[in-house]
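Single-structure report; data block below.
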Amino acid sequence: MGKQKSSITIDPAKCAPCTGQICIGVCPQGALEEGRNRKPQVIEVVQCTKCGVCVNLCPAKAITINVSNPKK
Ligand code: SF4
Ligand code: SF4
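Numbering (this note's numbering), first residue to last: 20 to 91.
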């Protein structure tokens with residue numbers, strides 16, 4: 020909402036963050052980086068291929084893939 024368009028959304032309210040910050044480690048594109056309070060943030064939006072790896076592995080289910088809506 021008014022923010023930078025991203026392929027994925029990380030909900031900081033759900034992110035613990037988990038030990039080892041799984042999402043950052045598993046992203047094959049290197050699109051994620053540690054942000055404030057050790058929580059991940061998307062740093063390379065264009066790099067994200069929406070592969071879904073981080074979404075599936077996040078124990079907190081804090082990450083969702085944004086489905087682009089071509090109608091809008
Ligand atoms: S969906 Fe895939 S490419 Fe995108 S941030 Fe997650 S692991 Fe990285
Ligand atoms: S995998 Fe989930 S809980 Fe762990 S750091 Fe990433 S968003 Fe947070």
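By construction, the Cβ of each residue, glycine as well, lies at the ideal position given by its N, Cα and C atoms.
Cβ-based neighbour list, residue 72, same chain, cut-off 8 Å, excluding 5 preceding and 5 following: The sequence position of residue 72 within the sequence shown is 53, counting from 1. Cβ neighbours of residue 72 beyond the five flanking positions: 45, 46 and 47.
Close beta carbons around residue 36, own chain, < 7 Å, minus the five adjacent residues each side: Numbered from 1 along the sequence shown, position 17 holds the residue referred to as residue 36. Around residue 36: 57, 58 and 59.
Bridge partners - residue 59, DSSP secondary structure assignment: Taking the sequence shown and counting its residues from 1, one reaches residue 59 at position 40. Per DSSP, 53.
Neighbourhood of residue 53 by C-beta distance below 7 Å, restricted to the same chain and skipping five residues each side: Taking the sequence shown and counting its residues from 1, the one referred to as residue 53 is at position 34. Result list for residue 53: 40, 43 and 59, in chain order.
Residue 68 CB to nearest heavy atom of ligand 1 below 7 Å: What you label residue 68 is simply residue 49 of the sequence shown in a count that begins at 1. Yes, since a heavy atom of ligand 1 falls inside the 7 Å radius drawn around the Cβ of residue 68.
Residue 84 Cβ short of 7 Å to ligand 1 heavy atom set: Taking the sequence shown and counting its residues from 1, the one referred to as residue 84 is at position 65. Because some heavy atom of ligand 1 lies under 7 Å away, the Cβ of residue 84 counts as near it: yes.
Below-8 Å beta-carbon distance, residue 57 vs any chain B residue: The displayed structure is made up of one protein chain only, and chain B is not part of it.
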